[in-house]
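Chemist: If you scroll down you'll find the structure; I have some questions about it.
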Amino acid sequence: MEYFLNPKLLKEIRKYGKFDVKGCYNCGTCPVMCNLSKDFASFPRRPIQYALLGSKEHILKSIESFLCHDCGDCSIACPREAEPRLSMATLRRYLIAKYDFTKIASKILSSKVAGILSYFIVAILSFFLIFLYHYFNVKLSPSEFFPTSMPVEHILPEGGFRILYGYTLFVVLFPILILLIGVVRMGYFTMKGEKVTFGSYIVALYELIINLFTQKEMIKCEKTESKVRYVFHLMMALGCLLMLVIVLFLLNWKINTNPVQRILGYLATFGMLVGSGYVLIARMIKAGGEIYKESEWQDYALPVLLFLISLSGIFVHIFRNFENLEMLTHYINAFHVAVVTSFLLIELPFGKLAHLIYRPFAIYFYKVKEISLRGR
Ligand code: SF4
Ligand code: SF4
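According to our numbering, the sequence shown is numbered sequentially starting from 64.
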């Protein structure tokens, strides 16, 4: 089989972050130190060598960077200080960009300016839609828009439910569709030419489901910092998932919610706020040893957005009970909707957060190959 080597591959990968592996002399220490590396899926050395060779086809096929959980044991052990942990993170971003057929992820993940701008542009568009909603649905002219205070109930007038629910469905289903197409592309790149049985796709499904909901591979990194990080990451992920379920299936779209919905909402918000708060602070003060020693700008987008979403949601929930804070509640709610929209339309399908979905599928495809190999 012929492979074409691309001398520009390293340069292309480096657009997505640090990939300082020129010093790597292929000693093999890093896969030995990595608790998640196995014979069949050996990393981080193998994908680094593919990149150094310029084999784009091998890089696209390799899912190892998604099997890495960022613990940093390899970077501590590397005798050449080649920072394999950071290289794995950069490769993940590179692959997320390649899985995205729209090429939006490529623009966002490879450029700090384009990335940060995209979050703001979507947020500003949301503000504009909120203005249009008030203009057409609440019949508020532009001159009345800023000085007019209204009870929060006007958010859900006759017909308002359909508009809000339609908007919510769009901002939730859009990233799901983009990610599903991305998963299909990941499967195509990874499984192309592999001799696997149909049965192995079925048998490996349990691995996919377990990892989608638990991301349990992270606790295989033995350090206490990794286990602490796992707890907060799980809080963040389950909080988001629960909130999604509430918004899509449980919300009765009334200002005064029922107690079950309210308690579940508190739990989801608590998970998102505490989880994102921990990750944000840990990154800022570089806690957790190697894990948070060095962060790229893309690492901050998720915790910042999630923290702002949770905090603004809490403020709206409290302030709406005070008549003299109606105006403030409106503005905070508009801010809340804008950040949620940026989170769902940019960060989830095109940002670093996409790895939350791609990782369980990478583990799944790896398992499919492993089961088939064992069966032969
Ligand atoms: S430990 Fe460092 S030098 Fe050795 S293979 Fe890994 S990255 Fe290369
Ligand atoms: S960061 Fe941790 S999980 Fe990732 S390759 Fe290095 S040792 Fe393995």
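For glycine and all other residues, C-beta sits at the position ideal for the given N, C-alpha and C. None of the values given here were measured: they were computed from a predicted structure.
Say whether the segment 337-357 touches the segment 375-382, bearing in mind that this needs 3 or more beta-carbon pairs closer than 8 angstroms, one atom from each stretch.
Modeler: No contact exists between the segment 337-357 and the segment 375-382.
Chemist: So the alpha helix (DSSP H) leucine 371 belongs to, where does it begin and stop?
Modeler: Note, leucine 371: alpha helix (DSSP H), 360-382.
Chemist: Might you give, ordered along the chain, the residues of its own chain that have their beta carbon closer than 7 angstroms to the beta carbon of phenylalanine 190, omitting 5 neighbours on each side?
Modeler: If we look at phenylalanine 190 and ignore the five residues flanking it on each side, its Cβ neighbours are Ala397 and Ala401.
Chemist: Shorter than 8 angstroms, the distance from the beta carbon of proline 142 to the closest heavy atom of ligand 1, or not?
Modeler: Because some heavy atom of ligand 1 lies under 8 angstroms away, the Cβ of proline 142 counts as near it: yes.
Chemist: When you get a sec, list the residues whose CB is within less than 7 angstroms of any heavy atom of ligand 2, chain order please.
Modeler: In chain order, the hits are Cys93, Met96, Cys97, Asn98, Leu99, Ser100, Phe106, Pro107, Cys131, His132, Asp133, Cys134, Gly135, Asp136, Cys137, Ser138, Pro147, Arg148, Met151 and Cys284.
Chemist: Should asparagine 274 be listed as close to ligand 1, given that the test is whether its C-beta is under 8 angstroms from any heavy atom?
Modeler: No, since every heavy atom of ligand 1 falls outside the 8 angstroms radius drawn around the Cβ of asparagine 274.
Chemist: So for proline 110, helix, strand or coil by DSSP?
Modeler: Residue state, collapsed to three classes: helix.
Chemist: Measure the Cβ-Cβ separation of glutamate 280 and leucine 180 and say whether it is below 9 angstroms.
Modeler: Against a cut-off of 9 angstroms, the Cβ pair of leucine 180 and glutamate 280 comes out as no contact.
Chemist: How about valine 246 and isoleucine 354: do their beta carbons lie closer than 9 angstroms?
Modeler: Result no, Cβ atoms of valine 246 and isoleucine 354 do not sit closer than 9 angstroms.
Chemist: Whole-angstrom Cβ separation of asparagine 89 and arginine 77, contact assumed at under 8 angstroms?
Modeler: Not a contact, Cβ separation roughly 19 angstroms.
Chemist: Comparing the CB of cysteine 303 with every heavy atom of ligand 1, is any distance shorter than 8 angstroms?
Modeler: Checking every heavy atom of ligand 1 against the Cβ of cysteine 303, none is found closer than 8 angstroms.
Chemist: Are there 16 or more other CB atoms within 10 angstroms of the CB of glutamate 270, so buried, or fewer, so exposed?
Modeler: Counting Cβ neighbours within 10 Å, glutamate 270 comes out buried, since at least 16 surround it.
Chemist: Mind listing, in chain order, the continuous alpha helix (DSSP H) runs of no fewer than 4 residues lying wholly within the segment 138-169?
Modeler: Whole alpha helix (DSSP H) segments, 4+ residues: 147-162.
Chemist: Just the C-alpha distance for isoleucine 426 and histidine 393, rounded to the nearest angstrom, thanks.
Modeler: Between isoleucine 426 and histidine 393, the C-alpha separation is close to 44 angstroms.
Chemist: Kindly list the residues whose CB is nearer than 6 angstroms to the CB of glutamate 359, restricted to its own chain and excluding five residues on each side of it in sequence; keep chain order.
Modeler: So the qualifying residues of the chain are Gly80.
Chemist: I'd like to know if the segment 67-76 and the segment 99-106 are in contact, where contact means that at least 3 CB-CB pairs between them fall below 8 angstroms.
Modeler: No: fewer than three Cβ pairs fall under 8 angstroms.
Chemist: If contacts are defined as beta-carbon pairs under 8 angstroms, then alanine 267 and lysine 124 qualify, I think. What distance do you get, rounded to the angstrom?
Modeler: Their Cβ separation, rounded to whole angstroms, is 18 angstroms, which puts alanine 267 and lysine 124 out of contact at 8 angstroms.
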